[in-house]
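The listed protein sequences derive, respectively, from chains A and B.
Start counting the first sequence at 1; every next residue gets the next number (our numbering).
Start counting the second sequence at 1001; every next residue gets the next number (our numbering).
See structure below.
There are 2 protein chains.
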Amino acid sequence: MTPYGERLARAALTRVVEPGDAHAGRWLRQFGPEDLLRLLQDPSAAADPFPGTGEKRVEGWRRRAATAEPARDLDAVDRQGGRFIVPGDVEWPTQLDDLGDTRPVGLWARGPADLRTWALRSVAVVGARACTPYGAHMATTLASGLAEQGWVVVSGAAFGIDGAAHRGALAARGATVAVLACGVDVPYPRGHAGLIGRVAEQGLVIGELPPGSHPTPTRFILRNRVIAALTRGTVVVEAEYRSGSLVTARAAARLGRHTMGVPGAVTSGLSAGVHELLRGEATLVTEAAEVIELVGDIGQLAPARRGPVLPRDLLAPDTARVLEAMPAGRPTLVREIADRSGATPDDTLVRLYELHSLGFVERQGDDWRLTNTPTDGANARRGGT
Amino acid sequence: MTPYGERLARAALTRVVEPGDAHAGRWLRQFGPEDLLRLLQDPSAAADPFPGTGEKRVEGWRRRAATAEPARDLDAVDRQGGRFIVPGDVEWPTQLDDLGDTRPVGLWARGPADLRTWALRSVAVVGARACTPYGAHMATTLASGLAEQGWVVVSGAAFGIDGAAHRGALAARGATVAVLACGVDVPYPRGHAGLIGRVAEQGLVIGELPPGSHPTPTRFILRNRVIAALTRGTVVVEAEYRSGSLVTARAAARLGRHTMGVPGAVTSGLSAGVHELLRGEATLVTEAAEVIELVGDIGQLAPARRGPVLPRDLLAPDTARVLEAMPAGRPTLVREIADRSGATPDDTLVRLYELHSLGFVERQGDDWRLTNTPTDGANARRGGT
C-alpha cells in the first residue's frame, strides 16, 4: 500500500496537472509526488525548479496547487464508495507504466471490481459517437461475445459505439470498464448517466480527473491513451477518416498492443477511418473469437487451458470465498455460486472475472467452471450436469 | 513466330488435354507439342510412354487426339477474326510461364488488342456471381477508376462482379479482357453475349479451350489460374466463404501477384470470403488509386513518369502510327488522335493502351498524352489546350 502522504500528494496533483502532461510526468519522476507538490505550493522555492518547462504552464500548476484540497477529494470519492488508485497499490495496473512520463498520476475509481486483475484480460472496443445502426450492432455483438468468453470490455462511455460496447457486455452479464475524461462522479454524457451508473455498480468507472471535473476536447483525446495502455488490444468499430478513435488505436499500436478494426461498406464514411487503419497496422476482425485469438494467451481457444497464475492464499478474502464456492468438475451458473458463497450475484460475477483473469476459472456462455477440471472431450462441459 | 507445325500441334492439344493438367504439361515439356501429339495419335507407340500418368487419363487423350482437327479449328477462329497465341509468339504473355506445368498449351483469342502488352498493365477484378448492389457498385467504380488511369481490367465475364468490372471499364472507354472457361466463340453465360461481344470488339476475349467448347465446373476453377497469372494483381470484390473467387486470389498470391480485397459489412455473407482473405495474405483496398499504388511501378503516382520500355522502331506499324499522331506537349482526346492517325476511335484506343503499357503515353481522365512531355506543375495537363 502506498503511504498516505504520497497518496494525498498524488490526489492533489490530479487537480494540478492535466492528464498526459509529459512535462509534469518528468518532474514527478524526478522529485516524487510529495516534493513536487511542495515545490509548487512554496512561493519561496528556487527561482526556476523546472527548467525547460514554460513559465505559463508552471504558473498554472502553482495556481491550482495553492487551492487543491486532496483530503476533501479523497473523502468525497470515499463517500460515493469510490477510491483513488496510485502506482504501488496492489490494484494499480502496471501496464500503465508503459506510458512513461504520460502515465496517469493516479486513477479515481468507482465500482466493485479489482482494476488490476480485470485489466489483465481486457479489450477496448471504441468508435464513432455518430455511429450507424450497423456499427452499433457490431459493437454490441463483439462486446457480448467477448464477455461470454470471460473478457472485460473497456470503453469510453460516449454515445454511439462506446455505449453499445458497454451495453453489449452488460447484456451478456459480462464485465465492463468505463474510462471517463472527467471526474468519476460526473456522468458525462448526461444521456448515459444511467448506463455509467450500471457500469459503476457491476464493473468499474475510472478516470484521471478528480471529483467534479468536466471533460474538455483535450481530455477526451488524452483519455484514449489510458484505454489503449490498459487493455491487451483495441478494436475500432466505426470511425471517420482522422477521428479520435483512430488516436486510441494508433496509441495502442505504439504501446505494442494489438490494434484491430471491424470493416464495413466502403461507401460508408464511418468505415473510412477503420479501413485506413486496416491498410496499415491493424488486423481485420469480424467476431469476438478472432479478437480473442489475437489478444489471448496462446492456447486460449485450445481445449487445455493454462492453470492459475497466482497461489490461492494470495487471493483477496472475498475472491477466495467465491473460488471455494465453485463446485469441482461441473459448469455452474452465477446464481448457484452466489448462493454457495453467500455473496450477491453481482459481487460474485465481479470476483469470477477476477478469478478468470488469474486463470482459476473460465466462462463459457453462462456457465463458469474451474480451469483445472480435467476434460475428456469437447462435450465434457455439459457432461457433469 | 512459332513454326506452323508446332502451332498446329498445340491447337490440337487444346482439344486433347484439359486446361491446367500438370501431367500433360510435364509430357509437353518433355516431348514438345509435335512429338507428344504423335505419341498420342500413334497406336503402335511404346507400351507406356507416360509412366506415372494413369491409363484412363492417357486413354482419354488418345481418344480425343484421334479426332482432333486443328487446321479446321484454326480456320474457324480465323474466320471470326480471331487467332491462336502460343508460347514463342510475340503476343504470348510470358508471365503465364510462371504457371510451370499448368501453363496453357495456347490461348485462343478474339479482339483487336495485343495480349502481351495489355497484360503488362492489367489488374483482375473478380467476385461473386450473386453479388449485392453494393458489390456491383464497387466493381464498376474500381474498374472505371483503373481504366481512367490506363490500366487494363481482366475478369471472367460471369454474372455479378465480373460483368460489373467489364462494364465499368467499357463505360470509362477503358481496356478490358475477358478470360473464358469455354471456346472464345461460345458466349457464356448467354445473358452476357452482348457484353462479351463488346469486349471482343474493343478489347480481348481469350480462353484455353478450342472453338465450340463448353464450360464445366472444373474449367471455371482452372480458368482462374490464368486470370491470376496474367495480371499484376487480383482484387476480390465480394465472395462468400470458400468461394471460387478466393481460388483466383490465392492462386495470385502463390504466383507472387498482389492479392487485394474490397471490404464490406460483416453482416453480409458476400463479404465473408473477402474478410477471410483480408485476415490473411490480401491487402484491403477501397479505391482504384490504392490498387494502382500496390501493383504499379514505383513512381506510378508520382508526377515524373518513367519513359518508354521499348524502342519506337520495334512497335507494330498500326501502333507506331497512333504514336506519331500524338501531338507533343498537350493532352488530347481519343477522337482527335484517331482523326490524325486515320484509324477508328476503337482501334486508336486499343493502340493507346498498348502504348501506355509500353510507357509511351499516359491517360488522365479522358485525355491522353506523351509521357516524356515535360511538365511544369500540377495544372500543366490542362495548360496546353
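For every residue, glycine included, the Cβ atom is placed at its ideal position computed from N, Cα and C.
Need the endpoints of the beta strand (DSSP E) that residue i sits in, please.
i                : result
Q1364 of chain B : 1361-1364
W1108 of chain B : 1107-1110
V153 of chain A  : 152-155
R83 of chain A   : 82-85
V235 of chain A  : 233-236
G1261 of chain B : 1258-1261
On the three-state DSSP scale, how would you describe residue i?
i                : result
D1367 of chain B : strand
V1199 of chain B : helix
V1184 of chain B : coil
G1020 of chain B : coil
V1177 of chain B : strand
L358 of chain A  : coil
G5 of chain A    : helix
A124 of chain A  : strand
L209 of chain A  : coil
R242 of chain A  : coil
T1286 of chain B : coil
T1348 of chain B : helix
L1255 of chain B : coil
L294 of chain A  : helix
Taking the alpha helix (DSSP H) that residue i falls in, what are its first and last residues?
i                : result
R1219 of chain B : 1217-1230
S144 of chain A  : 133-148
R1116 of chain B : 1115-1120
H1275 of chain B : 1269-1278
R396 of chain A  : This structure leaves residue 396 of chain A out entirely; chain A is present only between 1 and 385.
T1319 of chain B : 1317-1324
L170 of chain A  : 161-171
L99 of chain A   : Taken as a continuous stretch (DSSP letters only), L99 of chain A belongs to no alpha helix (DSSP H), as it is neither H nor E.
E1336 of chain B : 1334-1341
V1077 of chain B : 1070-1079
Closer than 6 angstroms by C-beta to residue i: which residues in its own chain qualify, once you throw out the five before and the five after it? Chain order, please.
i                : result
G1111 of chain B : A1200, G1203, L1204, V1205
R1250 of chain B : none
A181 of chain A  : P215, R219, F220, R223
S1122 of chain B : V1152, V1154, T1231
H258 of chain A  : G233, L294, V295
A76 of chain A   : P211
S1245 of chain B : V1126, G1127, V1236, A1239
D1339 of chain B : none
R369 of chain A  : P331
Check this for me: beta carbons of residue i and residue j, under 8 angstroms apart or not?
i                : j                : result
L270 of chain A  : T132 of chain A  : yes
V152 of chain A  : Y4 of chain A    : no
A119 of chain A  : P93 of chain A   : yes
P1187 of chain B : F1159 of chain B : no
T1332 of chain B : M1326 of chain B : yes
G1264 of chain B : E1290 of chain B : no
I337 of chain A  : V322 of chain A  : yes
R72 of chain A   : V16 of chain A   : no
G207 of chain A  : V179 of chain A  : yes
T1141 of chain B : G1163 of chain B : no
A175 of chain A  : A143 of chain A  : no
L39 of chain A   : L28 of chain A   : no
Using a cut-off of 7 angstroms between C-beta atoms, extract the partners of residue i located in chain B.
i               : result
V266 of chain A : M1138, V1262, P1263, T1286
What residues of chain A sit near residue i, judged by a beta carbon separation below 8 angstroms?
i                : result
H1275 of chain B : P263, L284, T286
Residues of chain A with CB under 7 angstroms from residue i, in chain order?
i                : result
R1026 of chain B : Residues of chain A passing the Cβ test: none, with the nearest at roughly 39 angstroms.
Whose Cβ in chain B lies nearer than 8 angstroms to the Cβ of residue i?
i               : result
L278 of chain A : P1263, L1278, L1284
Residues of chain B with a CB under 9 angstroms from the CB of residue i: which are they?
i               : result
Y134 of chain A : A1265, V1266, T1267
I'd like the list of long-range same chain contacts for residue i, defined as Cβ closer than 7 angstroms, with 5 residues on each side in sequence excluded.
i                : result
V1247 of chain B : I1221, N1224
Q1095 of chain B : A1119, A1229, L1230
R103 of chain A  : G25, L96, D97
P1033 of chain B : E1006, A1009, R1010, L1013
A253 of chain A  : T259, E281
F31 of chain A   : L39
Who are the near neighbours of residue i in its chain, counting only those whose CB is closer than 8 angstroms to its CB and skipping five residues on each side?
i                : result
E1240 of chain B : A1128, G1269, L1270, A1272, G1273
R7 of chain A    : L74, F84, V86, G106
D185 of chain A  : A76, V77, Q80, G82, R110, P211, G212
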